Amino acid sequence: MKRKVLLIYTGGTIGMEKDYSTGSLVPFNFENIFSKIPEMNLLDCEVVVHSFEKPVDSSDVGPNEWKNIAQIIEKEYHHYDGVLILHGTDTMSYTASALSFMLKGLRKPVILTGSQLPIGDLRTDAKENLLTSLNYACLYENDEAVVQEVAVYFEYKLLRGNRTLKYSAEYFDAYQSPNYPILGQSGVHLNYDRDALYRPDGTPFSVDLHLSQNVLFWRIFPGMSMELIPDLPKIKVLILQVFGSGTIYSDASTERILRKIRENGTEIVVVSQCVSGGISFGKYENSNIFNKIGAISGRDMTEESAITKAMHLLDNPNYTGTFAENFVQNLSGEISGD
Ligand code: ASP
Numbered sequence: 004m005k006r007k008v009l010l011i012y013t014g015g016t017i018g019m020e021k022d023y024s025t026g027s028l029v030p031f032n033f034e035n036i037f038s039k040i041p042e043m044n045l046l047d048c049e050v051v052v053h054s055f056e057k058p059v060d061s062s063d064v065g066p067n068e069w070k071n072i073a074q075i076i077e078k079e080y081h082h083y084d085g086v087l088i089l090h091g092t093d094t095m096s097y098t099a100s101a102l103s104f105m106l107k108g109l110r111k112p113v114i115l116t117g118s119q120l121p122i123g124d125l126r127t128d129a130k131e132n133l134l135t136s137l138n139y140a141c142l143y144e145n146d147e148a149v150v151q152e153v154a155v156y157f158e159y160k161l162l163r164g165n166r167t168l169k170y171s172a173e174y175f176d177a178y179q180s181p182n183y184p185i186l187g188q189s190g191v192h193l194n195y196d197r198d199a200l201y202r203p204d205g206t207p208f209s210v211d212l213h214l215s216q217n218v219l220f221w222r223i224f225p226g227m228s229m230e231l232i233p234d235l236p237k238i239k240v241l242i243l244q245v246f247g248s249g250t251i252y253s254d255a256s257t258e259r260i261l262r263k264i265r266e267n268g269t270e271i272v273v274v275s276q277c278v279s280g281g282i283s284f285g286k287y288e289n290s291n292i293f294n295k296i297g298a299i300s301g302r303d304m305t306e307e308s309a310i311t312k313a314m315h316l317l318d319n320p321n322y323t324g325t326f327a328e329n330f331v332q333n334l335s336g337e338i339s340g341d
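In our numbering, the protein residues as written are 4 to 341.
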């Protein structure tokens, strides 16, 4: 049976080519992708292209674009066997994380990819990324999709989207998933790790478009004046990126300032500056403050996941329970147990 994949083109390097008159990279008409990569005609699946009207650099992708993508998927979900999203690499992990919370009960693959070099470049990584992503997007076994989650495919690796981070602006191997195993690896065969793949709990597919933007991310550093942390009533969630396994300065003003922020009704989520491992309140004396002020541990979540999860959960009428209760739940494989 020939599988059908919806290819959503949002922009980014992968869909650009050099304008030789100016030397700059400009988007090409993605409907012509089949002439750029004739190998696509050899695939054992039907690919239908849906291009953003105005393709964008991924630094221009945010909540509006996430909603747009989610709505396209909602509309087309039952007409396709899988979805491939072509996206700029800079913010791909944010989009993958946001979509992993917005698309509930996925039973089909939603894969994001992009490239470091444009498709027309002699040394491009775009072809491999695109062709193998399409293979994963239509990979079925016993009539069941192998991938049933939002994933990122890049440089031979299939990763859980909400566990990824872009760590290199130089190398083709640009993404890491430091706190979760690789879902699949393409070599001679298209391999996958059955035990690592996410399986939804059986709730029917639905889309939740709620996203709040009253979230702020703040990274501390040695010598930072805590007084500078803005205490604005509009910030409803402050994500604090602290040292190692959850430590922060021990002086009295730290507690006073963070307490005041909490008393104003702001939730404080704590994530680590280390990309591998996570937060463990109480492990060191200098992390006890977070238990005292009722902060929420982001455990081993990436910052991209913590930010988009906070945006998704804050004031979301579709959830019962408090923000803190919901935040520590594993919603789509983004967080490990205690
Ligand atoms: N600036 C580009 C983007 O993220 C980089 C890329 O696609 O690799 O849209």
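All residues carry an ideal CB built from backbone N, CA and C; glycine is no exception.
The model shown is predicted, which means the values in this text are computed figures rather than measured ones.
Test item: CB-CB of residue i and residue j under 9 Å
i	j	result
Lys239	Gly123	no
Leu241	Val272	yes
Thr246	Ser275	In the sequence as presented, Thr is not what sits at residue 246; that position holds Phe. Yes, Cβ-Cβ distance for Phe246 and Ser275 is below 9 Å.
Gly117	Ser61	yes
Ser300	Gly249	yes
Gly108	Val64	no
Asn182	Gly281	yes
Thr16	Pro121	yes
Asn165	Phe208	no
Gly297	Asn291	no
Leu28	Leu87	no
Residue burial classification, residue i (beta-carbon count within 10 angstroms, cutoff 16)
i	result
Asp128	buried
Tyr97	buried
Ala349	Since the displayed the chain opens at 4 and closes at 341, residue 349 lies outside it and no answer follows.
Leu45	exposed
Met227	exposed
His192	exposed
Ala255	exposed
Glu349	For residue 349 there is no data in the structure shown, the boundaries of the chain being 4 and 341.
Leu200	buried
Asn132	buried
Ser253	exposed
Glu307	buried
Arg197	exposed
Gly190	exposed
Arg126	exposed
Met4	exposed
Lys312	buried
Tyr23	exposed
Cβ separation of residue i and residue j, assumed to be a contact under 8 Å, to the nearest whole Å
i	j	result
Leu162	Trp69	Incorrect: roughly 19 Å between the Cβ atoms, too far for contact.
Ile40	Lys130	6 Å
Val3	Leu10	Within the shown structure, residues of the chain are numbered from 4 to 341, placing residue 3 beyond reach of any answer.
Leu106	Ile76	6 Å
Gln119	Phe33	Rounded, the Cβ-Cβ distance is 18 Å, inconsistent with contact.
Asp84	Lys160	22 Å between Cβ atoms; not a contact.
Ser100	Glu337	7 Å
Leu317	Phe326	6 Å
Met95	Gln216	Contact doesn't hold; Cβ gap of about 20 Å is too wide.
Leu186	Gln179	About 13 Å; that fails the 8 Å criterion.
Leu89	Val153	At roughly 14 Å, the Cβ-Cβ gap does not stay under 8 Å, so Leu89 and Val153 are not in contact.
Short CB-CB distance (under 9 Å) between residue i and chain C
i	result
Ile299	In the structure shown, chain C does not exist; there is a single protein chain.
Item checked: Every unbroken beta strand (DSSP E) inside the segment 116-167 [3 residues or more] -> 153-157 and 160-163
Margin query: Quick check on the DSSP output: what are the complete alpha helix (DSSP H) runs of length 4 or more inside the segment 192-273, in order along the chain?
Written below: 255-266
Notebook entry, point to check: Can you list the alpha helix (DSSP H) stretches of 4 or more residues lying completely in the segment 29-61, in chain order?
Noted result: 36-39
Next item on the list: Would you check if the segment 146-155 and the segment 320-330 touch, i.e. whether three or more CB-CB distances between them fall below 8 Å?
Entry: no
Checklist line | Cβ contact check for the segment 195-204 and the segment 256-264: 3 or more pairs under 8 Å | finding: Contact between the segment 195-204 and the segment 256-264 is not established, with fewer than three Cβ pairs separated by less than 8 Å.
Note to self: Which runs of the beta strand (DSSP E) at least 3 residues long sit entirely within the segment 63-122? Give them in chain order.
What the structure shows: 85-89 and 113-116
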